[in-house]
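Student: Can you keep this structure in mind? I'll have questions shortly.
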Amino acid sequence: MKNVVIVGRPNVGKSSLFNRIIRRRKAVVEELPGVTRDRLLHRAEWRGTSFYLTDTGGYIPSKKDKLTSLVSKQVELAIEEGDIILFTLDAKEGVTPLDKEIAISLRKSSKKVFVVVNKVDNKKRQEFIYDFFNLGFDDIFPVSSIHGLGIADLLDKVVDLIKQEQEDVEEIKEGIKIAIVGKPNVGKSSFFNKIINKERVIVDENPGTTRDAIDTELEFEGEKLTLIDTAGIRRKPKIKTDVEYYTVKRAIDSLVLCDVALVMVDGSTDLTRQDKRLITLAGRTAGCVIILLNKIDLVPKRLRKKAVLYFQNVLRYLPYLLLLPISAKNGEGVYDAIR
-18 MKNVVIVGRP
-8 NVGKSSLFNR
2 IIRRRKAVVE
12 ELPGVTRDRL
22 LHRAEWRGTS
32 FYLTDTGGYI
42 PSKKDKLTSL
52 VSKQVELAIE
62 EGDIILFTLD
72 AKEGVTPLDK
82 EIAISLRKSS
92 KKVFVVVNKV
102 DNKKRQEFIY
112 DFFNLGFDDI
122 FPVSSIHGLG
132 IADLLDKVVD
142 LIKQEQEDVE
152 EIKEGIKIAI
162 VGKPNVGKSS
172 FFNKIINKER
182 VIVDENPGTT
192 RDAIDTELEF
202 EGEKLTLIDT
212 AGIRRKPKIK
222 TDVEYYTVKR
232 AIDSLVLCDV
242 ALVMVDGSTD
252 LTRQDKRLIT
262 LAGRTAGCVI
272 ILLNKIDLVP
282 KRLRKKAVLY
292 FQNVLRYLPY
302 LLLLPISAKN
312 GEGVYDAIR
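What follows is the structure, given as structure tokens:
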């Protein structure tokens, strides 16, 4: 699916636009790293056409303090990965020097840009719309994210462009996307390696958008799949470097992009608070969630049923989840998870 990215300086109403388009407030990642500087990713639909919508932090390209630089890096990554950019501005304040700076950056990106002039809540503000053509983009859309005015016209244009590009390029049918997520050192990579080294034909292997995430396309028992192996997701206070921050962000994004989320926990010990956060996040965002109780081989056979009952009881507030005891080390239950 195409990726539509909302970009703009701070406080122009990007998040309000995001929430208006997806038709609900999204605060799914509040419990996890990077809330204040993060980009949010969500599936959206208009007139039967689906696309990904990305909300980004306030973009200040020239400011170099640590936090602002982190936000800007995230915005620039989102622009690079995006197909259509919604350059959002504030009708109340008009075109600012920072808006002009962002416009220069966007023109360099060669991406399709729609200028969204937000906070056009009355006819008087519509009179100043023509000032925004000076930014050098052809498509200008006056909107009010709070009241919903002009949003339909904007989305009509977005999906028309998406449909046009889909007609120009023959779309390749994608396989089921399966994301493997969990805390560090629970056995995700062992599970991943066990799958791709047994009864499969690897079609392609491409590095993900961050250093240690790999999407692997394969055929398993005649079905085309895409396995997404992700970095371990730690709690916010334990994330020490920019590199780790981006790998964690990639892991969280994978929950939105996937069809099935395999959330791996250590089945030989008690569930942690971070495990519960990840499971809850997966339940809110992924199409289907399976909890993999890894390291079950460390539990004596006579106690395994009791261990599974413990996890069922702790997660009883999420009754729709599937639990599967596995051992990535010896292969027990691994292929059942994929089937």
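Last residue of the sequence shown? That's 320 in my numbering, and every number before it is there in order.
All C-beta atoms, glycine included, are put in the ideal place defined by N, C-alpha and C.
Just so it is clear, the structure is predicted and the values come from calculations on it, not from any experiment.
(1) With DSSP as the reference, label residue 109 as helix, strand or coil.
(2) May I ask which residues mark the beginning and end of the beta strand (DSSP E) holding residue 67?
(3) How far does the alpha helix (DSSP H) with residue 261 in it reach, from first residue to last?
(4) Mark residue 14 as exposed unless 16 or more other C-beta atoms lie within 10 angstroms of its C-beta, in which case mark it buried.
(5) Determine the contact status of residue 59 and residue 77, defining contact as a CB-CB distance below 8 angstroms.
(6) Nearest by alpha-carbon distance to residue 360: which of 253, 88, 72 is it?
(7) Going by DSSP in three states, residue 100 sits in which element: helix, strand or coil?
(8) What separation, rounded to the nearest whole angstrom, lies between the Cα atoms of residue 170 and residue 120?
(9) Could you give the first and the last residue of the continuous alpha helix (DSSP H) run that contains residue 78?
(10) Residue 67 and residue -7 - do their beta-carbons sit closer together than 8 angstroms?
(11) Can you say whether residue 256 is buried or exposed, counting buried as having 16 or more other CB atoms within 10 angstroms of its CB?
(12) At what residues does the beta strand (DSSP E) containing residue 297 begin and finish?
(13) Quick check: the Cα distance between residue 133 and residue 100, rounded to an integer number of angstroms?
(14) For my contact list, residue 167 and residue 246 are in at a C-beta cut-off of 8 angstroms; report their separation, rounded to the angstrom.
(15) Which residue's Cα is closest to the Cα of residue 322: 64, 65, 40?
(16) Measure the C-alpha to C-alpha separation of residue -1 and residue 160 and round it to an integer number of angstroms.
(17) Using 8 angstroms as the cut-off, can you tell me whether the segment 295 to 303 makes contact with the segment 275 to 287, which would need three or more C-beta pairs spanning the two stretches below that distance?
(18) With a 10 Å radius around its C-beta and 16 neighbouring C-beta atoms as the bar for buried, classify residue 115 as buried or exposed.
Tutor: The short version:
(1) If you number the sequence shown from 1, residue 109 lands on position 128. DSSP places residue 109 in coil when its eight states are reduced to three.
(2) Translated into the one-based positions of the sequence shown, residue 67 becomes position 86. Unbroken beta strand (DSSP E) run through residue 67: 65 to 71.
(3) Stepping through the sequence shown from its first residue, residue 261 is reached at position 280. Its alpha helix (DSSP H) spans residues 254 to 266.
(4) Start at 1 with the first residue of the sequence shown, and residue 14 comes out as number 33. Low confidence applies here, because residue 14 scores a pLDDT of 32, under 50, leaving its location unreliable and the question unanswered by this model.
(5) Mapped onto the sequence shown, residue 59 falls at position 78. Mapped onto the sequence shown, residue 77 falls at position 96. No.
(6) This structure does not reach residue 360, given that the chain is present from -18 up to 320, and the question cannot be answered.
(7) Here residue 100 is taken as the residue at index 119 of the sequence shown, counted from 1. DSSP places residue 100 in coil when its eight states are reduced to three.
(8) Taking the first residue of the sequence shown as 1, we reach residue 170 at position 189. Taking the first residue of the sequence shown as 1, we reach residue 120 at position 139. About 46 angstroms.
(9) Mapped onto the sequence shown, residue 78 falls at position 97. Note, residue 78: alpha helix (DSSP H), 78 to 90.
(10) Within the sequence shown, residue -7 is the residue found at index 12, counting from 1. Within the sequence shown, residue 67 is the residue found at index 86, counting from 1. It is not a contact, given that the beta carbons lie outside the stated cut-off.
(11) Numbered from its first residue, the sequence shown carries residue 256 at position 275. Residue 256 should be labelled buried.
(12) Residue 297 sits at position 316 when you count from the first residue of the sequence shown. Element bounds for residue 297: n/a, residue is neither H nor E.
(13) Numbered from 1 along the sequence shown, position 152 holds the residue referred to as residue 133. Numbered from 1 along the sequence shown, position 119 holds the residue referred to as residue 100. If I take the Cα positions, the gap works out to 15 angstroms.
(14) Start at 1 with the first residue of the sequence shown, and residue 167 comes out as number 186. Start at 1 with the first residue of the sequence shown, and residue 246 comes out as number 265. About 6 angstroms separates the two Cβ atoms, so the contact holds.
(15) Since the first and last residues shown for the chain are -18 and 320, residue 322 lies out of range.
(16) Position 18 of the sequence shown, counted from the first residue, corresponds to residue -1. Position 179 of the sequence shown, counted from the first residue, corresponds to residue 160. The alpha-carbon atoms of residue -1 and residue 160 are separated by roughly 24 angstroms.
(17) no
(18) On the sequence shown, position 134 is the one that residue 115 refers to. Counting Cβ neighbours within 10 Å, residue 115 comes out exposed, since fewer than 16 surround it.
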